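Reviewing the structure listed below.
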């Protein structure tokens, strides 16, 4: 990694007292025993079932070992990057932790960085401002455009004049800004979340995929405990467009992605999209690759790491030089 005075190694450890407090909180809680609406034929239509909640509670309470998770996190090198404010009149700086949360990529980091595989990558996984070890946004009005700016600055600071991006959820909104504002450096990206909708006048007859996507969007959970970052991580929802505004935001001319884009539409995502819907969010001809997978959902790199590794390699391998 290129040497930089504002980038320092970091030990990603958690306070043992906070871990103990979390376990105590779990021990004092109890999962629901009965359906709230027993007359409903399919309780899953009204949220998670008592059976699922009990299984999740038992897993956290009886099976999960924090020491195992901590060892897995610590096997990768972690760093804090401190970015001074571009406004010299303010003292607010932003610290970005990097080895959503970096842990979402825990199942793909090692395979994608394997030098014997083709293509292999140098992997940088930043946590968004206000998430996990990254500091909170330093001011009100901090949007995904600001996060994209510092992530771009991070890549340049590390010595990467050109880079590829993979993202979902809010990371996909940041990736969109990288592809819209810094496409001379962001060479190609792969997304597993891409909100967008075909204008009603152009829809015609819906494909089965488009119908499924619409129904899933119309159907419609989370917590940040140990790091006490639930408020800072929630700020991204306040300072940026609301979910019902995403499609319009992503299809606005200034937000269109201008580098080659590959998109994997996950069938169990919170808002899966079709090829036509995704095309409305990129510059003409820039959606160069599209695939549908129905085996996973919103956290694709955790839920289907093998599929994501395959798709990322294919997209970057084919379109890096385009």
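Numbering (this note's numbering), first residue to last: 5 to 326. Every residue gets a Cβ at the ideal spot worked out from N, C-alpha and C, and that includes glycine. Treat the numbers as computed from the prediction; the structure is a model and nothing was measured.
Item: Looking at the structure shown, is residue 111 part of a helix, part of a strand, or coil, going by DSSP?; Value: coil
Item: Is DSSP giving residue 298 helix, strand or coil here?; Value: strand
Item: Can you give me the Cβ contacts of residue 225 inside the same chain, cut-off strictly under 7 Å, excluding the 5 residues immediately before and after it?; Value: Summary for residue 225: the model assigns pLDDT 41, below 50, so the residue's position carries little reliability; its value from the coordinates is reported in the next sentence. If we look at residue 225 and ignore the five residues flanking it on each side, it has no Cβ neighbours.
Item: Nearest to residue 133 by CA position, among 73, 147, 125 and 117, is which residue?; Value: 147
Item: Compute the Euclidean distance between the alpha carbons of residue 170 and residue 18, then round it to the nearest angstrom.; Value: 27 Å
Item: For the beta strand (DSSP E) holding residue 266, just list the boundary residues, first then last.; Value: 265 to 272
Item: Tell me the DSSP bridge mates of residue 195?; Value: 171 and 267
Item: In terms of residue numbering, what span does the beta strand (DSSP E) encompassing residue 11 cover?; Value: 11 to 13
Item: Going by other Cβ atoms of all chains shown within 10 Å of its Cβ, with 16 needed for buried, is residue 285 buried or exposed?; Value: buried
Item: Following the continuous alpha helix (DSSP H) through residue 150, name the residue where it begins and the one where it ends.; Value: 148 to 161
Item: Can you tell which of 14, 244, 67 and 112 has its C-alpha closest to the C-alpha of residue 309?; Value: 112
Item: Return helix, strand or coil for residue 306, following the three-state DSSP convention.; Value: helix
Item: Can you give me the start and stop residues for the alpha helix (DSSP H) that residue 289 sits inside?; Value: Unbroken run through residue 289: none, as it is neither H nor E.
Item: In the structure shown, what three-state DSSP assignment does residue 84 receive?; Value: strand
Item: Nearest-angstrom Cα distance between residue 29 and residue 64?; Value: 11 Å
Item: Based on the DSSP output, what are the partners of residue 361 in its beta bridges?; Value: Nothing about residue 361 can be read from this structure; the chain reaches only from 5 to 326.
Item: Between residue 279 and the rest of its own chain, which residues show a CB-CB distance below 6 Å, the 5 nearest in sequence each way excluded?; Value: 294
Item: Residues in its own chain within less than 6 Å of residue 159 by CB, not counting five upstream and five downstream?; Value: 167
Item: What residue does the alpha helix (DSSP H) around residue 358 start on, and which one ends it?; Value: Because the chain spans 5 through 326 in this model, residue 358 falls outside it and cannot be assessed.
Item: Here's the rule I'm using: 16 or more other beta-carbon atoms within 10 Å means buried, otherwise exposed. How should residue 315 be labelled?; Value: buried
Item: So which of 306, 81, 142 and 149 has the shortest CA-CA distance to residue 109?; Value: 306
Item: Just to confirm, is the Cβ distance from residue 16 to residue 77 under 7 Å?; Value: yes
Item: Sort 317, 152, 257 and 301 by Cα distance to residue 122 and report the nearest one.; Value: 317
Item: Per DSSP, residue 293 is paired with what?; Value: 266
Item: Rounded to the nearest angstrom, what separates residue 124 and residue 265 at their Cα positions?; Value: 19 Å
Item: Using only CA atoms, which one of 272, 212, 194 and 86 lies nearest to residue 151?; Value: 86
Item: Residues in the same chain with beta-carbon distance under 7 Å from residue 127, minus the five sequence neighbours each way, listed in chain order, please.; Value: 113, 116 and 117
Item: Given a cut-off of 7 Å, decide if residue 255 and residue 200 are closer than it, judged by their beta-carbon atoms.; Value: yes
Item: Taking the continuous alpha helix (DSSP H) assigned at residue 70, which residues delimit it?; Value: 70 to 78
Item: Output the distance between the C-alpha atoms of residue 301 and residue 196, rounded to the nearest integer angstrom.; Value: 9 Å
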